[in-house]
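Numbering (my numbering), first residue to last: 702 to 1105. C-beta atoms are modelled at their ideal positions from N, C-alpha and C, and glycine is treated no differently. Have a look at the structure below, then the notes.
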Ligand SMILES: Nc1ncnc2c1ncn2[C@@H]1O[C@H](COP(=O)(O)OP(=O)(O)O)[C@@H](O)[C@H]1O
Ligand SMILES: [Mg+2]
């Protein structure tokens, strides 16, 4: 073997074929969406020497506050989308509900990762669950509902209680209702319809967990250790890693499902899979998010590669980063209610050891709005969770909630 051949062997990818170039530092990365996930993506990309262009219709958005450039326009503005796509080397996104026309337009000009076919599935709860089921993955039992007749037959198949969700545009529990009777179901359908609604069996789960996985154009896949998630009012409250010991075997199974799903739907970038673990230890997929995920925020301090750097690596076709956990951790969301009586007592967070405060630059602290998060590192994830909750409580100022 000549020395040149040796060099070629060494730079060959582990799997897949490297027919696509790496997008190297100095390049311009585009991001659809202006929220906190775009902001933290921009931080990670800029640290690696990239510039970031944000496309958002929202003035002063968390991501545009830190981006190198912002294109402030509607997704429905084809000229603006084209200008955006022409100005960058690759486009990624920070939420999956980007109008598909905009995605298709951008993709005519530059690679969009994840692509149109992934968003088409992930944007629509019925399409999402049907696709996963067709690939053989276990999902929450569901029935597509477009009429009161179909609602009746859904209730016969699934039984009460059921959860009705709009097929499109839901997030943080918005656009969904738990129903206990046909009367409640009809009222909820009238509220959520007339467009398609998904009826799901209400799962009396023992836990909610998620798996974050990355895949690059060269075919490399990297899976993070599983996160254990607690929700409050349908919004993520606290995530922990590692998961409680009794779920260790299930974590191995979930990691292998995550590899299968990201490959089956041919997703490039990050994908987070939310699961329920039933009382009989069965894993069921609840939903997919083809982007960084709130439950993955703790990776920034607790893993060797944070999720936002991993997104940069994946969409730029760089080698993926090491996903291993360095230290047990927990993340607690800071919602608007922490601001209920004025500014939080920030010193509670700053004074605590092994505690990392992230704020998203939002000035309107509405109830339930994600304003920031805290990550705590400790000897165990249970201890970290306890610490993150107690610091959050201490940050609440006078501890009373002024919202009615
Ligand atoms: N079928 C279900 N059974 C039990 N709980 C559910 C079900 N669907 C949703 N939930 C609860 O509501 C939360 C939010 O629902 P999800 O479908 O993940 O929508 P979102 O897009 O708003 O995150 C879930 O994390 C879970 O706690
Ligand atoms: Mg969810």
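So the candidates are the options; which of them puts its Cα closest to the Cα of residue i?
i, options, result
"residue 1089", "1072, 786, 1033 and 863", "1033"
"residue 986", "975, 999, 912 and 994", "975"
"residue 764", "848, 1080, 1063 and 1067", "1063"
"residue 811", "983, 999, 899 and 730", "730"
"residue 761", "753, 751 and 772", "772"
"residue 1022", "915, 932, 1047 and 950", "915"
"residue 982", "993, 796 and 949", "949"
"residue 946", "753, 885, 929 and 1053", "929"
"residue 884", "861, 1047 and 834", "861"
"residue 896", "827, 932, 1091 and 880", "827"
"residue 1070", "1000, 933 and 1001", "933"
Opposite residue i in the DSSP bridges: which residues?
i, result
"residue 904", "Note: residue 904 sits in no beta bridge, so no partner."
"residue 986", "840 and 976"
"residue 924", "914"
"residue 879", "864"
"residue 1071", "1036"
"residue 970", "916"
"residue 1056", "1077"
At the level of alpha carbons, what is the spacing between residue i and residue j?
i, j, result
"residue 737", "residue 814", "19 Å"
"residue 832", "residue 822", "7 Å"
"residue 785", "residue 922", "29 Å"
"residue 1068", "residue 866", "22 Å"
"residue 984", "residue 850", "30 Å"
"residue 846", "residue 899", "6 Å"
"residue 960", "residue 742", "23 Å"
"residue 1006", "residue 1015", "12 Å"
"residue 1083", "residue 848", "45 Å"
"residue 666", "residue 744", "Outside the modelled stretch of the chain, which goes from 702 to 1105, sits residue 666, for which no answer is possible."
"residue 816", "residue 790", "15 Å"
"residue 1138", "residue 1061", "Outside the displayed span of the chain (702 to 1105) sits residue 1138, for which this structure offers no information."
"residue 925", "residue 801", "29 Å"
"residue 1052", "residue 958", "40 Å"
"residue 799", "residue 891", "26 Å"
"residue 809", "residue 931", "40 Å"
"residue 664", "residue 1054", "Only positions 702 to 1105 of the chain appear in this structure, which leaves residue 664 out of reach."
"residue 779", "residue 805", "10 Å"
Inspect the beta-carbon positions of residue i and residue j and report whether they are closer than 9 Å.
i, j, result
"residue 838", "residue 859", "no"
"residue 740", "residue 1010", "no"
"residue 952", "residue 939", "no"
"residue 1078", "residue 1056", "yes"
"residue 852", "residue 1008", "no"
"residue 1058", "residue 995", "no"
"residue 864", "residue 901", "yes"
"residue 1095", "residue 1049", "yes"
"residue 966", "residue 825", "no"
"residue 968", "residue 991", "yes"
"residue 792", "residue 769", "no"
"residue 728", "residue 751", "yes"
"residue 735", "residue 795", "yes"
"residue 1012", "residue 1043", "no"
By Cβ distance below 6 Å, which residues in the same chain neighbour residue i in space, the five residues on each side in sequence not counted?
i, result
"residue 803", "776 and 782"
"residue 1066", "1037, 1040 and 1072"
"residue 873", "936"
"residue 756", "733, 772 and 785"
"residue 836", "965"
"residue 988", "975"
"residue 1001", "1007"
"residue 1091", "none"
"residue 889", "865, 878 and 880"
"residue 746", "730, 753 and 1013"
So, at 8 Å on beta carbons, what are the nonlocal neighbours of residue i in its own chain, with the 5 sequence-adjacent residues on each side left out?
i, result
"residue 1003", "942, 1026, 1027, 1028, 1029, 1030, 1076 and 1078"
"residue 955", "910, 912, 927, 974, 976 and 984"
"residue 1093", "1033, 1035, 1039 and 1075"
"residue 1018", "719, 721, 722, 723, 724, 917, 918 and 919"
"residue 877", "864, 865, 866, 867, 871, 893 and 935"
"residue 1081", "1029"
"residue 882", "861"
"residue 834", "840"
Say whether chain C places a C-beta atom closer than 9 Å to the C-beta of residue i.
i, result
"residue 833", "Chain labels in this structure do not include chain C; a single protein chain is all it has."
If you drop the 5 nearest sequence neighbours on each side, which residues of the same chain put their C-beta closer than 7 Å to that of residue i?
i, result
"residue 1112", "Lying before the first or after the last residue shown, residue 1112 is absent from the chain, which here runs from 702 to 1105."
"residue 906", "977, 978 and 979"
"residue 903", "862, 863, 864 and 879"
"residue 705", "Residue placement at residue 705 is flagged as unreliable, the pLDDT there being 37, under the threshold of 50; a coordinate-derived value is accordingly withheld."
"residue 963", "914, 916, 922 and 972"
"residue 797", "820, 823, 824, 990, 991 and 992"
"residue 856", "863, 883 and 886"
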